[in-house]
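Residue 414 is where the sequence shown starts when you use this note's numbering, and the numbers rise one by one after that.
Backbone N, C-alpha and C fix where the C-beta goes; we use that ideal spot for every residue, glycine too.
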Amino acid sequence: MNTKKINHFFLKILVVLVLMLTSFVVLRHNASWYQDSIGEVTSVKQVSTKTLQDQYGNKVTQHHQKVSVKLLNTQNKGKTVSFINSYDDAKAITQPLNKHDQIFLAKSSKAWGLKNFKRDIFWIPILILVMGLLIISMGKAGSFMVLSLIINVILFIGTIYLNFVTKEANIFWLFILFSIIASMLTLIFVMGIKRRLTWTVLLTVVTSTTAAMLIGLLVFNITNEKGLHFELMSFITQLPQPMFLSMTLVGVLGAVMDEATDMIATLFSLEREHPEIGIKELLITGRHVGQEIFGALSNTLFLIFIAEQIPMAILYLRNGNNWGFTYTMNLSLGMVQTLISAIGIVLTVPAGIFWVWILHKWRQRKMEANI
């Protein structure tokens with residue numbers, strides 16, 4: 414029996430590896446699927462290297478490459494073009510090209526140039542590996558988790574598309590609808606549609622997320638959004654306030670769902686193991702579990718936010734800007750999002766305890782009625 418299980422396990426691993434290899438080969442030769450020009454680097458020659466220094470003492474080494482690229486699609490398929498690729502040691506915006514790299518090309522009135530890297534060759538096989546290992550290790554639950562992830566991605570793309578085609582729509586309301594549907598489908602796929610745990614978590618998530626967002630909106634209205642520089646949001650092509658609220662809503666939703674699932678699953682497990690437990694003991698346990706999760710989750714959110722902002726903050730500081738200006742330009746909006754998420758995390762504890770209490774009472778009355 415054990416031998417069969419081991420053989421079955423290795424067979425699943427083999428299937429995942431074969432799928433990864435197949436996807437790599439297909440994506441390596443799928444240039445015809447794209448309308449944009451794609452080419453493969455056939456040769457790279459280092460032309461020059463020089464060190465630049467600005468007035469703040471920052472030094473950067475800049476490199477120039479002469480690159481030959483063979484076009485793989487469009488009407489220019491088979492044609493070889495050359496251009497100069499420039500990059501620096503930081504590789505933050507510009508990157509070096511290597512032989513056999515596949516890249517998207519852009520043609521100006523004068524010459525060809527690098528537009529972007531073709532990265533699906535690598536990230537799709539890695540995605541197959543991650544999902545495959547998830548399904549193998551978690552079985553049916555892993556399959557439902559992957560399915561819910563795919564559905565959420567489709568919902569997210571659909572929400573963005575709907576905002577794009579309905580120009581008068583407020584993106585914040587679209588993301589409210591997205592958040593409700595995504596939360597419901599995620600919990601149903603992961604926990605099951607008929608379980609009391611699923612609906613308790615969903616009610617907790619909706620309650621605490623709504624309360625956190627309403628508190629944030631209330632504070633914004635009282636302060637007239639003083640100190641919030643929405644105009645500093647990058648690449649915004651529509652009203653920045655609804656976009657900021659949408660970003661905040663999704664962030665709060667993720668944090669709240671994480672905490673609510675852990676806390677309420679613990680309470681339901683305790684109730685299942687000790688059917689005679691009273692509501693008072695459940696409430697005390699829920700408070701302790703929520704308190705333990707709150708600190709770790711809040712710090713995790715803060716560290717994720719800080720990690721995301723480190724590069725730009727260092728760039729601003731190294732170019733002669735003080736801490737106040739750097740905070741305003743890079744950190745202020747993110748800190749507000751983190752604070753609203755922290756409020757949601759705090760509110761999840763009483764909201765979860767409230768719904769556990771309500772549904773516990775309802776369950777007791779139903780059992781008494783059946784007796």
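Query	Result
Any 3 or more C-beta pairs closer than 8 Å across the segment 700-708 and the segment 630-641	no
Sheet register partners of VAL614 (DSSP bridge)	The partner list for VAL614 (beta bridge, DSSP) is empty, contrary to what the question assumes.
Sub-9 Å separation of ILE497 and HIS477 beta-carbons	yes
Span of the beta strand (DSSP E), counted from its first residue to its last, around THR493	493-501
Separation of HIS442 from MET414, as counted between CA atoms	In this predicted model, MET414 has a pLDDT of only 49, less than 50, meaning its place in the structure is not dependable enough to derive any value.
GLY757 burial status per 10 Å Cβ neighbour count (16 or more: buried)	buried
Coil, strand or helix - THR464 by DSSP	strand
Beta-carbon contacts of LEU666 that lie in its chain and below 6 Å, excluding the five residues immediately before and after	SER592, THR622
Three-state secondary structure (DSSP) of GLN750	helix
Delimiting residues of the beta strand (DSSP E) encompassing GLY526	525-530
Where SER522 falls: helix, strand or coil (DSSP)	coil
Every unbroken alpha helix (DSSP H) within the segment 640-699, with a cutoff of 4 residues, ordered by chain	653-686
ILE692 and LYS774 closer than 9 Å at C-beta	yes
Contacts around SER461, its chain only, beta-carbon distance under 8 Å, and the 5 residues preceding and following it disregarded	HIS476, HIS477
Complete runs of the alpha helix (DSSP H) confined to the segment 566-640 [at least 4 residues]	584-604, 609-635
Pair within 9 Å by beta-carbon distance, GLY452 and GLN515	yes
Boundaries (first-last residue) of the alpha helix (DSSP H) holding SER550	533-551
Own chain partners of THR464 with C-beta closer than 8 Å, once the 5 adjacent residues on each side are dropped	LYS472, VAL473, THR474, GLN475
ILE567 versus THR416 - alpha carbon distance	40 Å
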